[in-house]
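In what follows, a structure is listed as structure tokens, so that the remarks can point back to it.
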Amino acid sequence: MANQRKNVLIIYTGGTIGMIKREQDGSYIPFDFNLIKSEFPELDKLGCSVEFENFDPPLDSSNIGPPIWIKIANTIGVNYDKYDGFVVLHGSDTMAYTGSALSFMLEGLGKPVIMTGAQLPINEIRTDAKENLVTALQIASHPDCPIREVGIYFEYKLYRANRTQKVHADVFSAFNSLNFPPLVEAGVHLYFRHPTPVDAWQDKVFKVQPKLDTRVAHARFFPGMTAETLDAVLSHPNHRGVIVQSYGAGNLPTDKAFIESIKRSIDQGKIILNITQCMGGSVEMGRYETSAMLLSAGVLPGADLTFEAALTKMMYLFGKYDDLETVKRLLVRNIRGEMKAERAYTD
Ligand code: ASP
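Residue 228 in the working numbering sits at position 246 of the sequence shown; the count goes up by one each step and never skips.
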């Protein structure tokens, strides 16, 4: 019911927001969640009830990968009915990967899961942590929150997590989402620009899909790359799927050696997904000769997927489905708002 005091669970995984400087060399190391609580007395004034789940030890997000994604997803799963929303505190470095993974693993999500962090620790005078945390909490506890998905909040904007990339190592606006507009902008008010589409959550049953298959890899093209380099990635027996990052609208050199390597691995039952190296725009295979040949070789078009979304979507689909055709079908469909597609939200 609107206007009731909302319950939010903060899941603290680590990241700069809660780091302190190590005495010996001045480098930042993850620290206890009590630092955040003591530096942030405003927490009590927010008008929502907040509880905490602290990961021990707190981690720099460079050390976060599939096992911690599963732990976060399960923490949300176990607490799903008790809370109206979730705030996940996480280092910014790999937040877009974790956010993308969670967007797939949290099936039928009907509540806000807002990830945030900071570029400066919460106990530093110019910190961005307080604004990020306050607003993330206000979104997650908003009486009529229309966000029922995983978002990344940083520096006045909430983005759809599986559309987001970390684009800057230093400035406070560290994230961007060139192919999808912000879901919420924070100014004098919170402006909810893009409510989560109803067909993403209505009549769906919430469920955590905790199985991921990490046998995926990545080949980013560069001028001068050899077919041997590509082949080393494609032919590796552990790789069930490979994301090829091509130029522009999905183009690769026309050199036959590349195509032969790609065809060989597709014949061996591997999946190759083509996404662009550009941060904005979409793969459109067939627009140029240099991509038409990929289409006929059986390479799948990844449309406007970010690398983070493509990678985690592959891990999720390989983890969930044994049938290769189902994985292929869903890779090129929109399942969580992660890519533009003719049909919205396929299962
Ligand atoms: N290295 C830190 C991390 O990702 C950076 C940050 O939190 O912004 O955990």
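Built from N, CA and C at the ideal position, the CB exists for glycine as well. Just so you know, these numbers come straight off a predicted model, no measurement behind them.
For the pair of segments examined, the stretch 145 to 152 was found to touch the stretch 283 to 297: the number of CB pairs separated by less than 8 Å reaches three. Here the alpha carbon of P205 sits roughly 27 Å from the alpha carbon of D75.
The DSSP assignment places 198 to 202 and 223 to 228 as complete runs of the beta strand (DSSP E) inside the stretch 177 to 244, in order along the chain (cut-off: 3 residues).
In chain order, A100, L102 and P103 place their CB closer than 7 Å to the CB of T109, counting only its own chain and leaving out the 5 sequence neighbours on each side. In the DSSP secondary-structure assignment, L255 is bridged to I225 and L282.
By the beta-carbon neighbour count (other beta carbons within 10 angstroms, threshold 16), R318 is buried. Note on geometry: alpha-carbon atoms of V224 and I11 lie some 34 Å from one another. Here the stretch 267 to 280 makes no contact with the stretch 163 to 183; the two share fewer than three CB pairs at distances below 8 Å. For P49, the uninterrupted alpha helix (DSSP H) segment begins and ends at P48 to N61. Between the stretch -1 to 10 and the stretch 45 to 57 there are fewer than three C-beta pairs closer than 8 Å, too few to call the two in contact. Annotated three-state conformation of R142 is strand, per DSSP.
Bridge partners of P128 according to DSSP: none are assigned.
Taking one beta carbon from each stretch, the stretch 87 to 101 and the stretch 127 to 139 have 3 or more pairs nearer than 8 Å; the two touch.
A direct Cα-Cα distance of roughly 33 Å separates A55 from I107.
If you draw a 10 Å sphere on the C-beta of N16, you find fewer than 16 other C-beta atoms in it, and that means exposed. In this structure, the alpha-carbon of A182 lies about 42 Å from that of T208. A83: member of the alpha helix (DSSP H) spanning M77 to M87, first to last residue.
At the C-beta level, D63 and V(-10) stay beyond 8 Å of one another. Note on geometry: alpha-carbon atoms of K302 and D195 lie some 8 Å from one another.
DSSP places E167 inside the beta strand (DSSP E), whose first and last residues are V166 to A168. Of the candidates C260, Y79 and I241, the residue whose Cα lies closest to the Cα of G284 is C260. A straight line joining the alpha-carbon of F22 with that of S9 spans about 23 Å.
Distances from the CB of D249 to the heavy atoms of the ligand ASP are all 7 Å or more.
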